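Undergrad: Residue numbers (my numbering): 3 to 568.
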């Protein structure tokens, strides 16, 4: 007993710890490790649970938690070394105590990837996307583990949206096999996924694996807009990085984290995997009527022999797993036909069905903001900033647009000023066919001031169909509650409920750098026709459209330039 006491005194003297000069409990490293944030004059940890702290005061007292941890490190406490392997490693190195780990990281892990499943428009909490980490196994991604932060929305009872906005849901870090969860994103929720390899050292990878064990026993309170999956994945990465990539904020979303990591040179290599439904729609749109019927048969009933035409088998196989996950009554027929289809393609030496992930050696990040300038004939100019703006690739004829909290200012030559704010503008235009039948829809809210308060609230539903490979046509019906016309950028005579009908056509096959759209419809008690062309030039996108009132009483030409930003 005396010899152990003497050993402790020697270690303390040699290391100078703990002493009044030791300020490690106030360091960025310690605060990140324990998820402390400023709260008034003190601190509070975001982590909850009896298994995350050593000291009773630990949740609100970094110094008390540090002192209790130092004592266990000096004593080489086995329980501490097992439960908090990264805490033990960092403190042992800081104190000069021999590092004798009881937890070893998985030797199969050779890298770390950040994954971004993009917008899932059916869930308000996922409209900005999601992020998770993949710990890459030497045996491939399908043998890897996926690590993310998820909320449990089953408790408490009440409004899902209100509870999510006010932090009523509990959440936790969670690890599971990659191949299980990825089916949800790819085959159930119909999301594209972008992967980014993290540029981290072997020691940082080891530290992430050690820290993963520490956090899986704690829970946190989840907020849709701030303390969400992105925030906590960023906090997890902060523990091993030299600089913080996520901080306390009122609004946190995936593009912020991805672009911050990109700016710091922490991302390398980029891979884009399209959703199975998007791949299928492209393939299906090129088939003949006979081929389409053959695909439909393979998805509905078992066959004795499959068609020999690869143009039929490939679309069937690309959508088969999605259909199995979303149409339980067809599972046995689809699985039977899948076996036969793969056997035939393998026999003819053409069994590769799923396209490879699209690789980009240079990381581009996520375009998520926009500046826009308009010149509207005969006498109006406008400028708008869109702090949250997501749209599809320029050459994509399907649309999943999210535009929110965008202020706009316009001035006329008579010095009349109009101010406006687009609260939200959501558009999903997805191709429908005999097999996949999603609804296209539009939703938005605008308020402004032009010699009085103006507003426009709108909602419409419709169906959109392919016209060959490069065109779609959509039909929409809905309504506007408005006293302001966004079509003409001018006030209406009165506030009222106006019917909305629209025929929407998109083509991007005329030229690789040209998109043509035309709308014919009835809105704000007036018919109109609105053709538009748009083309990119470097980082800018230019457009010209012409709105003509079918009654012949009004028309305008608008030229626009928009700059998309990371």
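By construction, the Cβ of each residue, glycine as well, lies at the ideal position given by its N, Cα and C atoms. Every value quoted in this text rests on a predicted model; they were computed, and no experiment measured them.
(1) Quick check on the DSSP output: what are the complete beta strand (DSSP E) runs of length 3 or more inside the region 72-142, in order along the chain?
(2) I need the boundaries of the alpha helix (DSSP H) containing residue 441, first residue and last residue.
(3) When you compare only the Cα positions, how much space is there between residue 96 and residue 261?
(4) Looking at the structure shown, is residue 221 part of a helix, part of a strand, or coil, going by DSSP?
(5) Could you please give me the residues that DSSP links to residue 503 through a beta bridge?
(6) Give a single yes or no on whether residue 444 has its beta carbon closer than 7 Å to a heavy atom of the ligand ADP.
(7) In the structure shown, what three-state DSSP assignment does residue 236 receive?
(8) Pull up the distance between the alpha-carbon of residue 308 and that of residue 300, whole angstroms please.
(9) Do you know how far the Cα of residue 564 is from the Cα of residue 2?
(10) Around the Cβ of residue 375, are there at least 16 other Cβ atoms within 10 angstroms (buried) or fewer (exposed)?
(11) The alpha helix (DSSP H) that contains residue 285, what's its start and end?
(12) Select from 46, 41, 49, 65 the residue whose C-alpha is nearest the C-alpha of residue 29.
(13) By how many angstroms is the C-alpha of residue 86 removed from the C-alpha of residue 235?
(14) Within the continuous alpha helix (DSSP H) that includes residue 50, where are the two ends?
(15) Distance check for residue 208 and residue 135, CA to CA, integer angstroms please.
(16) Excluding the 5 residues preceding and the 5 following residue 573 in the sequence, name in chain order all residues of the same chain whose CB lies nearer than 6 Å to its CB.
(17) Have a look at 99, 157, 206 and flag the residue whose alpha-carbon is nearest the alpha-carbon of residue 112.
(18) So is residue 7 buried or exposed if we call it buried at 16+ other beta carbons inside 10 Å?
(19) Round the Cβ separation of residue 463 and residue 489 to the nearest angstrom and send it over; I've been treating them as touching at under 8 Å.
(20) Can you give me the Cβ contacts of residue 121 inside the same chain, cut-off strictly under 8 Å, excluding the 5 residues immediately before and after it?
(21) Can you give the Cα-Cα distance for residue 290 and residue 335, rounded to whole angstroms?
(22) Given a cut-off of 8 Å, decide if residue 166 and residue 226 are closer than it, judged by their beta-carbon atoms.
(23) Is residue 335 helix, strand or coil when you go by DSSP?
(24) Closest by CA to residue 100, which one among 117, 163, 176, 78?
(25) Please confirm whether residue 88 and residue 216 have their CB atoms less than 8 Å apart.
(26) Are residue 270 and residue 365 close, meaning C-beta to C-beta below 8 Å?
(27) Consult DSSP for residue 541 and reduce its assignment to one of helix, strand or coil.
(28) On the CB-based measure, 16 or more other CB atoms within 10 Å of its CB, does residue 258 come out buried or exposed?
(29) For the putative contact between residue 467 and residue 481, defined by C-beta atoms under 8 Å, what is the C-beta separation to the nearest angstrom?
(30) Whose C-alpha, out of 397, 380, 371, 377, is nearest the C-alpha of residue 389?
(31) CA-CA distance, residue 496 and residue 485?
(32) Taking 6 Å as the limit between beta carbons, can you name the residues of its chain near residue 174, skipping five residues before and five after?
(33) From residue 562 to residue 503, what distance separates their C-alpha atoms?
(34) Sort 511, 537, 552 by Cα distance to residue 530 and report the nearest one.
(35) Identify every residue that forms a DSSP beta bridge with residue 378.
(36) Hey, residue 211 and residue 80: beta-carbon distance below 8 Å or not?
TA: Short version:
(1) 111-119, 134-139
(2) For the purposes of this step, residue 441 is taken as residue 439 along the chain shown, with counting starting at 1. Note, residue 441: premise wrong, no alpha helix (DSSP H); not H, not E.
(3) The residue labelled residue 96 in the question sits at position 94 within the chain shown. The residue labelled residue 261 in the question sits at position 259 within the chain shown. Each residue's Cα considered, the two are about 32 Å apart.
(4) Taking the chain shown and counting its residues from 1, the one referred to as residue 221 is at position 219. Strand at residue 221.
(5) Residue mapping note: residue 503 aligns to position 501 of the chain shown, counting from 1. Beta-bridge pairing links residue 503 to 479, 524.
(6) Looking for the ligand ADP in the displayed structure turns up nothing, as the structure carries no ligands at all.
(7) As a first step, residue 236 must be located in the chain shown, where it is residue number 234. Helix at residue 236.
(8) Indexing the chain shown from 1 puts residue 308 at position 306. Indexing the chain shown from 1 puts residue 300 at position 298. Their backbone Cα atoms lie some 8 Å apart in a straight line.
(9) This structure leaves residue 2 out entirely; the chain is present only between 3 and 568.
(10) For this step, residue 375 is matched to residue 373 along the chain shown. Answer is exposed; the Cβ neighbour count stays below 16.
(11) Taking the first residue of the chain shown as position 1, residue 285 is located at position 283. Residue 285 -> alpha helix (DSSP H) spans 278-287.
(12) Taking the first residue of the chain shown as 1, we reach residue 29 at position 27. Considering only alpha carbons, the answer is 65.
(13) Stepping through the chain shown from its first residue, residue 235 is reached at position 233. Stepping through the chain shown from its first residue, residue 86 is reached at position 84. Going by the C-alpha atoms only, they are around 19 Å apart.
(14) If you number the chain shown from 1, residue 50 lands on position 48. Here residue 50 belongs to no alpha helix (DSSP H), and DSSP marks it neither H nor E.
(15) What you label residue 135 is simply residue 133 of the chain shown in a count that begins at 1. What you label residue 208 is simply residue 206 of the chain shown in a count that begins at 1. If I take the Cα positions, the gap works out to 14 Å.
(16) Residue 573 lies beyond the range of the chain shown here (3 to 568); nothing can be said about it.
(17) Looking up residue 112 in the chain shown gives position 110. The option with the nearest alpha carbon to residue 112 is 206.
(18) In the chain shown, counting from the first residue as 1, residue 7 sits at position 5. Caution is warranted here: a pLDDT of 45 is assigned to residue 7, below 50, making its placement in the model unreliable, and the coordinate value is therefore given only provisionally. The residue in question, residue 7, is exposed, as its Cβ has fewer than 16 Cβ neighbours within 10 Å.
(19) Within the chain shown, residue 463 is the residue found at index 461, counting from 1. Within the chain shown, residue 489 is the residue found at index 487, counting from 1. That pair is no contact at about 19 Å.
(20) As a working mapping, residue 121 is identified with position 119 in the chain shown. Only 128, 129, 130, 131, 193, 392, 402, 404 meet the Cβ criterion.
(21) Numbered from its first residue, the chain shown carries residue 290 at position 288. Numbered from its first residue, the chain shown carries residue 335 at position 333. Their backbone Cα atoms lie some 23 Å apart in a straight line.
(22) Against the chain shown, residue 226 aligns to sequence position 224. Against the chain shown, residue 166 aligns to sequence position 164. Against a cut-off of 8 Å, the Cβ pair of residue 166 and residue 226 comes out as a contact.
(23) Locating residue 335 in the chain shown gives position 333, counting from the first residue. Three-state result, residue 335: helix.
(24) Position 98 of the chain shown holds residue 100. Out of 117, 163, 176, 78, 78 has the C-alpha closest to the C-alpha of residue 100.
(25) Counted from its first residue, the chain shown places residue 88 at position 86. Counted from its first residue, the chain shown places residue 216 at position 214. Cβ distance < 8 Å, so residue 88 and residue 216 count as in contact.
(26) Start at 1 with the first residue of the chain shown, and residue 270 comes out as number 268. Start at 1 with the first residue of the chain shown, and residue 365 comes out as number 363. Cβ atoms of residue 270 and residue 365: closer than 8 Å.
(27) Taking the chain shown and counting its residues from 1, the one referred to as residue 541 is at position 539. Correct three-state label for residue 541: coil.
(28) Counting from 1 along the chain shown, the entry for residue 258 is found at position 256. Buried: at least 16 other Cβ atoms inside 10 Å.
(29) Against the chain shown, residue 467 aligns to sequence position 465. Against the chain shown, residue 481 aligns to sequence position 479. Contact doesn't hold; Cβ gap of about 23 Å is too wide.
(30) Here residue 389 refers to the residue found at position 387 when the chain shown is read from its first residue. Out of 397, 380, 371, 377, 371 has the C-alpha closest to the C-alpha of residue 389.
(31) Looking up residue 496 in the chain shown gives position 494. Looking up residue 485 in the chain shown gives position 483. The straight-line gap from Cα to Cα measures roughly 5 Å.
(32) One-based indexing of the chain shown puts residue 174 at position 172. The residues are 221.
(33) The residue labelled residue 562 in the question sits at position 560 within the chain shown. The residue labelled residue 503 in the question sits at position 501 within the chain shown. Taking the straight line from one Cα to the other gives about 25 Å.
(34) Working through the chain shown from its first residue, we reach residue 530 at position 528. The option with the nearest alpha carbon to residue 530 is 552.
(35) For the purposes of this step, residue 378 is taken as residue 376 along the chain shown, with counting starting at 1. Answer is 382, 560.
(36) One-based indexing of the chain shown puts residue 211 at position 209. One-based indexing of the chain shown puts residue 80 at position 78. Result no, Cβ atoms of residue 211 and residue 80 do not sit closer than 8 Å.
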